[in-house]
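*Asks:*
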Amino acid sequence: MSVRSFVGGIHPSYYKEFTAGMSITPARPPSQVIIPLHQNIGAPCEAVVQVGDEVKVGQKIGEPKGFVSAPIFASVSGKVTKIEPYNHPLGNPVTAIFIENDGLDTPFEGMQPGKPLEELTSDEIKQIAKDAGLVGLGGATFPTHVKLAPPPDIAIDTVIINAAECEPFLTADHALMLERADDIVYGLKAFMKALGATKGIIGIEDNKPDAIANMQKAVEKSRGEYDIEIHTLHTKYPQGAEKMLIKATTGREVPPGALPMAVNVVNQNTGTAVAMAEAIKLGKPLYERVITVTGPGIRKPGNLLVKNGTLVKDIIKQCGGMKDNARKLILGGPMMGLAQPTDDVPVIKGTSGVLILTEEFVQEYPISACIKCGKCVEVCPMNLLPNFIASASEKQRMDLAEKYGAMDCFECGSCTYTCPAKRPLVQWIRIAKGEIAASRRK
Amino acid sequence: MDFVLAVVIIGGLGLIIGGFLAYSALRFAVDEDPRVETICDLLPGANCGACGFAGCADYAEKAVKGEVALDCCIPGGKDVCNSISEVMGVESTASADKKIAEVRCVGTNEVARNKFYYQGVPDCKAAMMYGKGFKACQYGCLGLGTCVEVCPFDAMHMGDNGLPVVDAESCTGCGICAKACPRDVIYIVNANRTGKVILCNSKDRGKAVSDVCEVGCIGCKACIKGCPQEAIAVENNLASIDSDKCNDCGECLDFCKRDAMRDVVKIAVG
Numbered sequence: 000m001s002v003r004s005f006v007g008g009i010h011p012s013y014y015k016e017f018t019a020g021m022s023i024t025p026a027r028p029p030s031q032v033i034i035p036l037h038q039n040i041g042a043p044c045e046a047v048v049q050v051g052d053e054v055k056v057g058q059k060i061g062e063p064k065g066f067v068s069a070p071i072f073a074s075v076s077g078k079v080t081k082i083e084p085y086n087h088p089l090g091n092p093v094t095a096i097f098i099e100n101d102g103l104d105t106p107f108e109g110m111q112p113g114k115p116l117e118e119l120t121s122d123e124i125k126q127i128a129k130d131a132g133l134v135g136l137g138g139a140t141f142p143t144h145v146k147l148a149p150p151p152d153i154a155i156d157t158v159i160i161n162a163a164e165c166e167p168f169l170t171a172d173h174a175l176m177l178e179r180a181d182d183i184v185y186g187l188k189a190f191m192k193a194l195g196a197t198k199g200i201i202g203i204e205d206n207k208p209d210a211i212a213n214m215q216k217a218v219e220k221s222r223g224e225y226d227i228e229i230h231t232l233h234t235k236y237p238q239g240a241e242k243m244l245i246k247a248t249t250g251r252e253v254p255p256g257a258l259p260m261a262v263n264v265v266n267q268n269t270g271t272a273v274a275m276a277e278a279i280k281l282g283k284p285l286y287e288r289v290i291t292v293t294g295p296g297i298r299k300p301g302n303l304l305v306k307n308g309t310l311v312k313d314i315i316k317q318c319g320g321m322k323d324n325a326r327k328l329i330l331g332g333p334m335m336g337l338a339q340p341t342d343d344v345p346v347i348k349g350t351s352g353v354l355i356l357t358e359e360f361v362q363e364y365p366i367s368a369c370i371k372c373g374k375c376v377e378v379c380p381m382n383l384l385p386n387f388i389a390s391a392s393e394k395q396r397m398d399l400a401e402k403y404g405a406m407d408c409f410e411c412g413s414c415t416y417t418c419p420a421k422r423p424l425v426q427w428i429r430i431a432k433g434e435i436a437a438s439r440r441k
Numbered sequence: 000m001d002f003v004l005a006v007v008i009i010g011g012l013g014l015i016i017g018g019f020l021a022y023s024a025l026r027f028a029v030d031e032d033p034r035v036e037t038i039c040d041l042l043p044g045a046n047c048g049a050c051g052f053a054g055c056a057d058y059a060e061k062a063v064k065g066e067v068a069l070d071c072c073i074p075g076g077k078d079v080c081n082s083i084s085e086v087m088g089v090e091s092t093a094s095a096d097k098k099i100a101e102v103r104c105v106g107t108n109e110v111a112r113n114k115f116y117y118q119g120v121p122d123c124k125a126a127m128m129y130g131k132g133f134k135a136c137q138y139g140c141l142g143l144g145t146c147v148e149v150c151p152f153d154a155m156h157m158g159d160n161g162l163p164v165v166d167a168e169s170c171t172g173c174g175i176c177a178k179a180c181p182r183d184v185i186y187i188v189n190a191n192r193t194g195k196v197i198l199c200n201s202k203d204r205g206k207a208v209s210d211v212c213e214v215g216c217i218g219c220k221a222c223i224k225g226c227p228q229e230a231i232a233v234e235n236n237l238a239s240i241d242s243d244k245c246n247d248c249g250e251c252l253d254f255c256k257r258d259a260m261r262d263v264v265k266i267a268v269g
């Protein structure tokens with residue numbers, strides 16, 4: 000089988016060995032969960048429970064306030080003790096529901112297995128995805144039901160499961176492919192049926208041969224019924240980025256500023272496929288997910304099944320705590336994850352990893368002038384000129400930054416990674432994107 | 000012979016082209032009100048944009064057309080307004096007060112706590128993208144110098160203690176820094192006021208302030224009791240001093256348990 004890829008990108012050290020091949024273990028139930036009411040791209044939720052209410056596992060506690068939004072569910076059973084703003088992985092405090100765990104794990108009565116996939120219609124699948132609060136679990140947390148409802152004039156022919164897991168350190172999707180291969184395929188079939196797509200593709204990087212073999216076996220079972228292919232991808236960052244993955248697997252190029260729908264493709268994450276399968280088979284909404292707890296700074300790394308709203312410090316404690324030389328905490332991977340000022344922050348739907356870096360990984364270099372070497376241009380998977388955009392942004396020339404295509408940057412960080420002058424290119428581009436977006440809104 | 004020919008040809012060309020240029024200058028001359036240039040010369044020429052126009056020339060043009068008021072130039076202040084009005088032959092509407100920028104934060108690197116160590120683009124707006132800034136106090140100055148960068152009059156400089164210092168002589172009160180500051184900690188105030196001033200911007204409750212800063216105002220209201228002039232008020236957990244009432248007696252300093260109460264920067268007001 001040929002190995003597929005895209006132009007550009009980088010080859011960082013992958014450090015997957017910390018947790019690769021480790022089985023998924025359920026995290027210790029926390030004594031309290033703090034569930035923020037804003038966990039997806041789009042509108043936040045409104046609390047539908049009050050302080051003092053008893054809630055059960057899987058009970059809806061947050062009702063979405065818009066179409067591009069997803070409900071939020073209790074991850075433990077117990078009493079709602081507080082509803083007030085609390086730390087959030089994205090930085091600003093967000094209203095959160097505090098639930099004291101009674102340790103009983105009483106399931107909500109509404110969580111019942113529905114009809115099997117064969118009997119479900121397209122609309123029913125979309126409704127299940129919406130009711131289960133599914134969002135993209137790769138980190139962007141785009142509500143799944145919105146992706147499953149393209150405008151009527153666009154016919155989706157291909158659904159791609161993003162199993163590349165190109166971020167260094169993270170192995171949550173890898174673990175899912177080893178343990179939940181059937182559910183991933185089930186989820187993919189549900190997505191295909193909901194969208195009326197004829198082709199399903201699962202893209203996996205070639206540094207996970209065991210996962211490729213395992214997925215192949217799972218796909219074989221439904222041969223003849225669904226047209227699903229496994230695509231082996233070149234191990235390169237950012238292979239799992241939406242547009243790169245589409246280019247690598249289908250050869251189609253998503254136009255600037257457009258969504259994958261424009262080329263009749265929908266992407267879904269591995270974790271989302273599993274959550275979709277669980278929502279159909281068990282009626283289980285999205286209240287827990289697999290998280291990779293890893294990095295040189297943690298004593299006992301692992302792939303944990305963590306309940307939504309668990310505090311990161313509880314997870315770290317469970318994994319043996321931080322080593323003495325730990326310096327930086329990142330939620331997600333090292334390339335696109337969010338550095339945190341505190342470990343007193345809850346895990347949300349989009350948290351794919353807890354990464355703890357040590358001193359030698361966070362060395363500081365002075366920012367120097369651009370030497371025009373062009374390395375960032377070579378690696379940019381979007382074929383942009385990161386040096387030009389960043390310099391324009393540095394000099395407050397947002398008009399120039401826009402002209403150079405700042406808005407097409409999806410902040411993969413390849414340019415900053417490769418820059419020999421140690422320029423924080425992505426941060427400058429992010430400033431430009433923020434200001435351009437603000438001026439467009441005016 | 001060759002020499003003469005060359006002089007004739009070049010000289011002739013020069014005459015023809017010169018004549019053409021002279022003709023064009025007359026034929027295509029743009030009628031411009033001479034007052035635009037006069038006013039443009041009177042304006043400070045920093046093109047700071049504080050008036051709300053694209054630059055000094057743009058403002059001068061609009062002022063001559065009578066489209067805008069003549070007191071828009073903040074850096075120029077009273078003097079410039081007077082002279083523009085003279086050129087335009089109208090009565091000056093200048094307000095008497097010179098303005099100045101004031102950084103309402105005394106949380107230096109030594110006394111204000113940081114939430115985390117920031118590593119990245121050295122700019123306050125950039126730092127604000129991560130957890131609303133690294134300074135634990137959400138109202139305090141970040142000290143990365145966005146205001147210093149944008150000041151068109153070179154009137155702001157970053158002090159060694161991590162807070163910008165306003166050069167009262169050069170500052171024109173144009174307000175560009177106040178607009179650029181992502182923490183809104185810079186205020187434009189009357190330059191000729193006297194007495195004491197509270198250099199703190201924190202609207203947090205006392206406990207929250209003392210957790211993150213050793214000097215910030217905790218809104219305890221002790222200074223109100225201490226002020227014989229009744230010039231101090233506390234609103235949103237933050238004291239403020241009415242400079243019209245304050246007579247600079249300094250009694251309040253004995254009552255204040257913190258250290259955000261300072262003397263107004265004294266400048267010579269012309």
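Protein chains in written order, with numbering that gives the first Met the number 0: chain D, 0 to 441; chain Y, 0 to 269.
Just so it is clear, CB atoms sit at the ideal spot from N, CA and C, and this is done for glycine as well.
Residue range of the beta strand (DSSP E) that Ser23 (chain Y) falls in?
*Replies:* No beta strand (DSSP E) contains Ser23 (chain Y), which is instead part of the alpha helix (DSSP H) from 1-26.
*Asks:* Would you mind giving the Cβ-Cβ distance between Gly186 (chain D) and Ala276 (chain D), rounded to the nearest angstrom? I have them listed as a contact below 8 Å.
*Replies:* That belief holds up - the Cβ atoms of Gly186 (chain D) and Ala276 (chain D) are roughly 4 Å apart, short of 8 Å.
*Asks:* I'd like to know whether the C-beta of Ala125 (chain Y) is nearer than 8 Å to at least one C-beta of chain D.
*Replies:* Closer than 8 Å: yes.
*Asks:* Residue range of the alpha helix (DSSP H) that Glu99 (chain D) falls in?
*Replies:* From DSSP, Glu99 (chain D) is part of no alpha helix (DSSP H) but of the beta strand (DSSP E) over 93-100.
*Asks:* Please state whether DSSP places Glu204 (chain D) in a helix, a strand or coil.
*Replies:* Looking at Glu204 (chain D) - three-state DSSP - the assignment turns out to be strand.
*Asks:* Report yes if the C-beta distance between Ile73 (chain Y) and Cys173 (chain Y) is below 8 Å; otherwise report no.
*Replies:* In this structure, Cys173 (chain Y) lies closer than 8 Å to Ile73 (chain Y) by Cβ.
*Asks:* In chain order, what residues of the same chain lie with their CB nearer than 6 Å to the CB of Gly138 (chain D), ignoring the 5 residues before and after it?
*Replies:* Gly331, Gly349, Ser351.
*Asks:* Between Y:Gly215, Y:Met157, Y:Ala207, which has its C-alpha nearest Ala238 (chain Y)'s C-alpha?
*Replies:* Among Y:Gly215, Y:Met157, Y:Ala207, the Cα nearest to that of Ala238 (chain Y) is on Y:Gly215.
*Asks:* Looking at the secondary structure, which residues open and close the alpha helix (DSSP H) in which Glu148 (chain Y) lies?
*Replies:* Where Glu148 (chain Y) is concerned, the enclosing alpha helix (DSSP H) stretches over 145-149.
*Asks:* For Val218 (chain D), count the other beta carbons within 10 Å of its own beta carbon; 16 or more makes it buried, fewer makes it exposed. Which is it?
*Replies:* Buried, since its Cβ has 16 or more Cβ neighbours within 10 Å.
*Asks:* Going along the chain, which residues of its own chain have a beta-carbon closer than 6 Å to the beta-carbon of Val208 (chain Y), five neighbours each way excluded?
*Replies:* Correct list, in chain order: Ser201, Gly215, Ile217.
*Asks:* Pick helix, strand or coil for Asp258 (chain Y), following the three-state DSSP scheme.
*Replies:* Reduced to three states, the DSSP call for Asp258 (chain Y) is coil.
*Asks:* Listed from N- to C-terminal order along the chain, which residues in the segment 100-120 of chain Y have their beta-carbon within a distance smaller than 8 Å of any beta-carbon of chain D?
*Replies:* Residues Lys114, Phe115, Gln118, Gly119, Val120.
*Asks:* 8 Å is my cut-off, CB to CB: does Glu363 (chain D) come that close to chain Y?
*Replies:* By this cut-off, Glu363 (chain D) is an interface position.
*Asks:* Note the first and the last residue of the continuous beta strand (DSSP E) segment covering Leu354 (chain D).
*Replies:* That run of the beta strand (DSSP E) goes 352-357.
*Asks:* If I follow the unbroken beta strand (DSSP E) through Arg288 (chain D), where does it start and stop?
*Replies:* That run of the beta strand (DSSP E) goes 287-293.
*Asks:* Quick check on Val268 (chain Y) - is its C-beta less than 8 Å from some C-beta in chain D?
*Replies:* Low per-residue confidence applies at Val268 (chain Y): pLDDT is 40, beneath 50, and the placement is therefore not dependable, though the value from the model is reported in the following sentence. So, not an interface residue.
*Asks:* Is the shortest distance between the beta-carbon of Gln49 (chain D) and the beta-carbons of chain Y less than 8 Å?
*Replies:* Chain Y, which has no Cβ nearer than 8 Å to the Cβ of Gln49 (chain D), makes this no.
*Asks:* Going along the segment 414-440 of chain D in order, which residues come within less than 8 Å of chain Y, judged by CB to CB distance?
*Replies:* So the close ones are Pro423, Gln426, Trp427, Arg429, Ile430, Gly433.
*Asks:* Could you work out which residue in Y:Asn113, Y:Ala230, Y:Arg34, Y:Tyr117 is closest to Glu213 (chain Y) when comparing CA atoms only?
*Replies:* Comparing Cα-Cα distances from Glu213 (chain Y) to each of Y:Asn113, Y:Ala230, Y:Arg34, Y:Tyr117, the minimum goes to Y:Asn113.
*Asks:* Quick one: grab the DSSP three-state call for Glu393 (chain D).
*Replies:* It is helical.
*Asks:* Using a cut-off of 7 Å between C-beta atoms, extract the partners of Asn91 (chain D) located in chain Y.
*Replies:* Residues of chain Y passing the Cβ test: Lys131.
*Asks:* Report the three-state DSSP secondary structure of Ile155 (chain D) (helix, strand or coil).
*Replies:* Three-state result, Ile155 (chain D): coil.
*Asks:* Can you say whether Thr18 (chain D) is buried or exposed, counting buried as having 16 or more other CB atoms within 10 angstroms of its CB?
*Replies:* The residue in question, Thr18 (chain D), is buried, as its Cβ has 16 or more Cβ neighbours within 10 Å.
*Asks:* Since Pro340 (chain D) meets chain Y, which of its residues come closer than 7 Å, beta carbon to beta carbon?
*Replies:* The answer, in chain order, is Lys114, Phe115, Gly130.
*Asks:* Beta-carbon within less than 6 Å of Gly77 (chain D)'s beta-carbon, same chain only, minus the 5 sequence neighbours each way: which residues are those?
*Replies:* Closer than 6 Å at Cβ, skipping near neighbours: Ile98, Glu99, Asn100, Asp101.
*Asks:* Can you tell me whether DSSP reads Leu330 (chain D) as helix, strand or coil?
*Replies:* Correct three-state label for Leu330 (chain D): strand.
*Asks:* Could you check what DSSP says for Asp323 (chain D) in three-state terms: helix, strand or coil?
*Replies:* Reduced to three states, the DSSP call for Asp323 (chain D) is coil.
*Asks:* Between Arg103 (chain Y) and Leu198 (chain Y), is the Cβ-Cβ spacing less than 8 Å?
*Replies:* Cβ atoms of Arg103 (chain Y) and Leu198 (chain Y): closer than 8 Å.
*Asks:* List the DSSP bridge partners of Pro245 (chain D).
*Replies:* Contrary to the premise, residue 245 (chain D) reads as Ile rather than Pro in this sequence. For Ile245 (chain D), which the question treats as bridged, DSSP gives no partner whatsoever.
*Asks:* State the start and end residues of the unbroken alpha helix (DSSP H) segment that holds Leu36 (chain D).
*Replies:* Segment: none, Leu36 (chain D) is in no alpha helix (DSSP H) and carries neither H nor E.
*Asks:* Report the residue ranges of all alpha helix (DSSP H) runs contained in full by the segment 164-247 of chain Y; include only those spanning at least 4 residues, in chain order.
*Replies:* List check, alpha helix (DSSP H) in window: 175-179, 205-211, 221-225.
*Asks:* What are the start and end residues of the beta strand (DSSP E) that includes Asn268 (chain D)?
*Replies:* 264-268 is the extent of the beta strand (DSSP E) around Asn268 (chain D).
*Asks:* Just to check my reading of the structure: Val346 (chain D) and Ile297 (chain D) have Cβ atoms closer than 8 Å, yes? What is that Cβ distance to the nearest angstrom?
*Replies:* 15 Å between Cβ atoms; not a contact.
*Asks:* In terms of DSSP beta bridges, what is Asp226 (chain D) paired with?
*Replies:* Bridge partners of Asp226 (chain D): D:Lys198.
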